[in-house]
Amino acid sequence: AVIRHWREKAGERQTVVFCSTVDHARNVTAAFNAAGVAAGLIHGDMADTDRKTTLDAYAAGELRVVVNVAVLTEGWDHPPTGCVVLLRPSSYKSTMIQMVGRGLRTVSPEEHPGVVKTDCIVLDFGTSTLLHGSLEQDVDLDGREPSGEAPTKDCPDCGAIVPLATTECPLCGHLWEREDAGEATPLGDFVMSEIDLLKRSSFRWCDLFGDDAALIANGFNAWGGVFFLNGRWYGIGGLQ
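Taken in order, the sequence shown gives residues -14 to 225; the numbers are from this note's numbering.
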């Protein structure tokens, strides 16, 4: 599914992929190569010469994809990179900014003649952008300082960072016990009616993968998303 979405959204772009473990990165690299996409692997246990060989091949255009584990977050640049894939369950905001920043470098026509770059595509298969929003959301048109990050907690099973109010981990399904709210009071007669909240919304909702299962809307002061996973809908949002 990852490679299929990548091909649909950014298959012609040079891409850097961030994974969570070395084994995970090896499997991802093998999957890209098996799909006919030239991919190389970078991780901290490699010899410097092997790492340089892979990065030189990527810079020369011999590799379409370079997969890494916490190596290329800083101190490395290849401006023609036009796509960043986040395959980590979640990341702190500072780490997310560093990873996404690998694809935000402008291209010098003198250094890279014939390369035209106008944007960068970020494919997040975890929860980093759900937790922290997109990078442009840090811009406040009124010049006010950000009010801080939303409170979060760590999933005890998989370690994912999720919003504090989450009751079920969207990655591993861990359930947090709810406090007893007391005795339930039965409802009287009532009539239920179906309301399409998205159609009533004043925002434009973006269908991330074209399957109506992941929808995102951004505003100047807030963002929101609705996601269908394992037979349930989840909603998440935040203020700037």
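C-beta: ideal position from N, C-alpha, C; glycine also.
Quick one: Cα of residue i to Cα of residue j, how far?
{"i": "D192", "j": "I106", "result": "15 Å"}
{"i": "N206", "j": "N215", "result": "30 Å"}
{"i": "V124", "j": "H63", "result": "Legend: pLDDT at V124 = 41, less than 50; position of this residue unreliable, value from coordinates given subsequently. Distance between the alpha carbons of V124 and H63 is about 25 Å."}
{"i": "V100", "j": "R(-8)", "result": "20 Å"}
{"i": "D139", "j": "P98", "result": "46 Å"}
{"i": "R87", "j": "T80", "result": "11 Å"}
{"i": "A19", "j": "E162", "result": "43 Å"}
{"i": "S113", "j": "G173", "result": "42 Å"}
{"i": "D(-2)", "j": "V22", "result": "A quick correction: the sequence has Arg, not Asp, at residue -2. Approximately 11 Å, taken between the alpha carbons."}
{"i": "V2", "j": "D196", "result": "23 Å"}
{"i": "Q122", "j": "R36", "result": "With a pLDDT of 49 at Q122, under the threshold of 50, the predicted position of this residue should be treated as unreliable, though the coordinate-derived value follows. Taking the straight line from one Cα to the other gives about 34 Å."}
{"i": "S178", "j": "G29", "result": "56 Å"}
Between residue i and the rest of its own chain, which residues show a CB-CB distance below 6 Å, the 5 nearest in sequence each way excluded?
{"i": "E153", "result": "L160"}
{"i": "A44", "result": "H63"}
Hey, residue i and residue j: beta-carbon distance below 9 Å or not?
{"i": "V50", "j": "T6", "result": "no"}
{"i": "F194", "j": "G204", "result": "no"}
{"i": "T0", "j": "G46", "result": "no"}
{"i": "A198", "j": "F212", "result": "yes"}
{"i": "I82", "j": "V56", "result": "no"}
{"i": "P136", "j": "I221", "result": "no"}
{"i": "P65", "j": "K102", "result": "yes"}
{"i": "L40", "j": "W61", "result": "yes"}
{"i": "T58", "j": "M84", "result": "yes"}
Excluding sequence positions up to five away, which residues of its chain have a Cβ less than 8 Å from the Cβ of residue i?
{"i": "A42", "result": "G25, L48"}
{"i": "C4", "result": "A10, V13, V52, N53, V54, L72, R73"}
{"i": "K(-6)", "result": "C68, I106, L108"}
{"i": "S290", "result": "Here the chain has residues from -14 to 225 only, and residue 290 is not among them."}
{"i": "L226", "result": "This structure gives no information on residue 226, because the portion of the chain shown stretches from -14 to 225."}
{"i": "C143", "result": "P74, C154, L156, C157, H159"}
{"i": "A16", "result": "V(-13), I(-12)"}
Can you tell me where the beta strand (DSSP E) holding residue i begins and where it ends?
{"i": "D109", "result": "106 to 109"}
Going by beta carbon distance, what residues of the same chain come within less than 7 Å of residue i, once the five residues before and after it are set aside?
{"i": "T34", "result": "none"}
{"i": "A150", "result": "none"}
For residue i, report the span of its alpha helix (DSSP H) as first-last.
{"i": "D196", "result": "Taken as a continuous stretch (DSSP letters only), D196 belongs to no alpha helix (DSSP H), as it is neither H nor E."}
{"i": "G86", "result": "78 to 86"}
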